[in-house]
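Working notes for the structure below.
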Amino acid sequence: MFDRSGVAESVMRLSATGLRQIEFVDNVFNSPYSHAMALCEDLARLRHSAYLYSLELNPFHIDSALINAMGRAGFRGIGITAESASDKVLAALGKGYGAQSVYQAAEVVSRHNLPCVWIFMLGGPGETEETVTETLRFAEKYIRPSDTAFFNLGVRIYPGTQLETISRRQGVLSIHKDKMLRPVFYVSPELDTDWMIRRVQDSLNRKMNFISSDSIGLPFLPFIHRLAHRIGMRTPLWKYTRYVRRGLRTIGVKA
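Quick look at the structure:
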């Protein structure tokens with residue numbers, strides 16, 4: 001774990017060069033919680049000019065004190081890697097928190113103005129039609145229309161991980177690990193992949209602030225990104241997801 005004073009000084013140094021967008025790519029920014037709070041206090045005292053982001057927040061460690069501290073520190077957007085809203089799936093993934101923490105995080109976020117993107121991973125060990133439905137119902141009911149929900153369909157299998165062991169034991173994976181440089185994805189054998197795709201698409205059709213792993217492959221997204229910066233749209237740009245999707249649909253683009 002990096003010393004927080006060094007992190008704060010790096011932000012100040014980078015912002016002094018004119019860099020305005022800085023994202024923390026810490027695997028779990030708010031764990032340990034005390035470290036995140038102290039870092040936010042350091043950043044607030046520096047009065048830097050950068051726009052900060054962290055898209056790797058653990059829902060177990062989210063409360064109003066943290067969100068307020070991140071706002072004072074200069075954060076303009078956050079992301080919560082909930083992965084699922086099902087106790088069964090979260091336990092199978094070894095996340096260390098349950099669905100109640102995900103619901104509580106949503107309640108906290110709803111009381112603040114900081115834009116939020118929610119990140120889910122569907123199809124992991126233990127996933128069924130019932131658990132997919134649990135997660136989608138949570139997202140449909142509790143994620144604000146102004147926020148964004150991103151759904152990964154399937155979980156990439158990396159060599160040497162527990163997921164590789166599970167995949168081979170279940171017969172989901174048979175190729176040698178040397179052949180896994182090209183991405184290979186796991187989908188629970190308890191789940192019909194086609195059903196999952198249809199169910200997620202149904203939610204996307206009704207919720208314009210929802211996107212999936214297929215959405216980010218649209219070839220014109222880099223152009224939209226450049227255009228948004230050119231006309232001065234305030235970041236984070238993902239908070240405009242619902243407007244972009246509606247606009248694309250009016251011109252006949254399936255997005």
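Start counting the sequence shown at 1; every next residue gets the next number (the UniProt record's numbering).
Don't be surprised by glycine CBs; every beta carbon is placed ideally from N, CA and C.
Keeping to the same chain, check which residues put their C-beta closer than 7 Å to that of E140; ignore five residues upstream and five downstream.
For E140, where only same-chain residues beyond five positions count, the Cβ hits under 7 Å are S203, K207.
Can M70 be considered in contact with the ligand NAP, in the sense that its beta carbon sits closer than 7 Å to one or more heavy atoms?
Only the bare structure without any ligand can be found here, which leaves the ligand NAP out of the picture.
Pair every Cβ in the stretch 124–134 with every Cβ in the stretch 74–88, then say whether three or more of these pairs are closer than 8 Å.
As far as the Cβ criterion goes, the stretch 124–134 touches the stretch 74–88, which means the pair count is three or higher.
Take Q21 as the anchor and find which of S167, S49, R4, S5 has the nearest alpha-carbon.
Minimum Cα-Cα distance from Q21 among the listed residues S167, S49, R4, S5 corresponds to S49.
How would you write the range of the beta strand (DSSP E) that M11 sits in, first residue to last?
Note that residue 11 is Val in the sequence shown here, rather than Met. Counting along the chain, V11 falls outside any beta strand (DSSP E), though it belongs to the alpha helix (DSSP H) covering 4–16.
With distances taken Cα to Cα, identify the nearest neighbour of L181 among K95, I157, S188.
For the residues K95, I157, S188, the minimum Cα distance to L181 belongs to I157.
Going by DSSP, what residues sit across from Q21 in a beta bridge?
In the DSSP output, where bridge partners are listed per residue, Q21 has Y51.
8 Å Cβ cutoff met for G71 and K239
The answer is no: Cβ separation not under 8 Å.
Is the beta carbon of N30 sitting closer than 8 Å to the one on N68?
No, the pair does not count as a contact, with Cβ atoms beyond the cut-off.
Integer-rounded CB distance, given that I175 should sit under 8 Å from V184
Confirmed, about 7 Å.
Grouping DSSP H, G and I as helix and E and B as strand, with all else coil, what is V184?
Coil, per DSSP.
Quick check: the Cα distance between F75 and T81, rounded to an integer number of angstroms?
Using only the alpha carbons, I get a separation of about 17 Å.
Smallest Cα separation from V155: which of C116, M121, Q162, G6?
Of the candidates C116, M121, Q162, G6, M121 places its Cα closest to the Cα of V155.
Under the rule that 16 or more other beta-carbon atoms within 10 Å means buried, what is G123, buried or exposed?
By the 10 Å Cβ count, G123 comes out buried.
Given G18 as reference, the closest of A36, S10, F150 once Cα atoms are compared:
Checking every option, the nearest Cα to that of G18 belongs to S10.
Cβ neighbours of K177 in the same chain (closer than 8 Å, five flanking residues each side left out):
Only residues of its own chain outside the window of five on either side were considered, and among them P159, G160, E164 have a CB closer than 8 Å to the CB of K177, listed in chain order.
Nearest candidate by alpha-carbon position, reference T37, set E23, A8, V25:
Correcting the residue type first, residue 37 is Met in the shown sequence and not Thr. The option with the nearest alpha carbon to M37 is A8.
May I have the straight-line CA-CA distance separating S15 from L43, to the nearest angstrom?
Each residue's Cα considered, the two are about 12 Å apart.
Where DSSP assigns a beta bridge to N152, which residues make up the other side?
Answer is M121, bridged to N152.
CB F151 to CB S188, shorter than 8 Å?
Between F151 and S188, the C-beta spacing is not below 8 Å.
Which two residues bound the contiguous alpha helix (DSSP H) that contains A101?
The identity of residue 101 in the sequence shown is Ser, whereas the question assumes Ala. S101: member of the alpha helix (DSSP H) spanning 99–110, first to last residue.
Pick helix, strand or coil for residue 259, following the three-state DSSP scheme.
Only positions 1 to 255 of the chain appear in the structure, and residue 259 is not among them; the question remains open.
Exposed or buried, which one is V109 when buried takes at least 16 other CB atoms within 10 Å?
With 16 or more other Cβ atoms inside 10 Å of its own Cβ, V109 counts as buried.
Exposed or buried, what is R245 when buried is set at 16 or more other beta-carbons lying within 10 Å of its beta-carbon?
Counting Cβ neighbours within 10 Å, R245 comes out buried, since at least 16 surround it.
Express the C-alpha separation of I119 and A149 in angstroms, rounding to a whole number.
One Cα belongs to A149, the other to I119, and the distance between them is close to 6 Å.
DSSP-derived helix/strand/coil call for A91
DSSP places A91 in helix when its eight states are reduced to three.
Give every residue of the same chain whose Cβ lies closer than 6 Å to the Cβ of F210, excluding the five residues on either side of it in the sequence, and list them in chain order.
Here F210 has A149, S203, L204 as same chain residues with Cβ atoms under 6 Å from its own Cβ, once five neighbours each way along the sequence are excluded.
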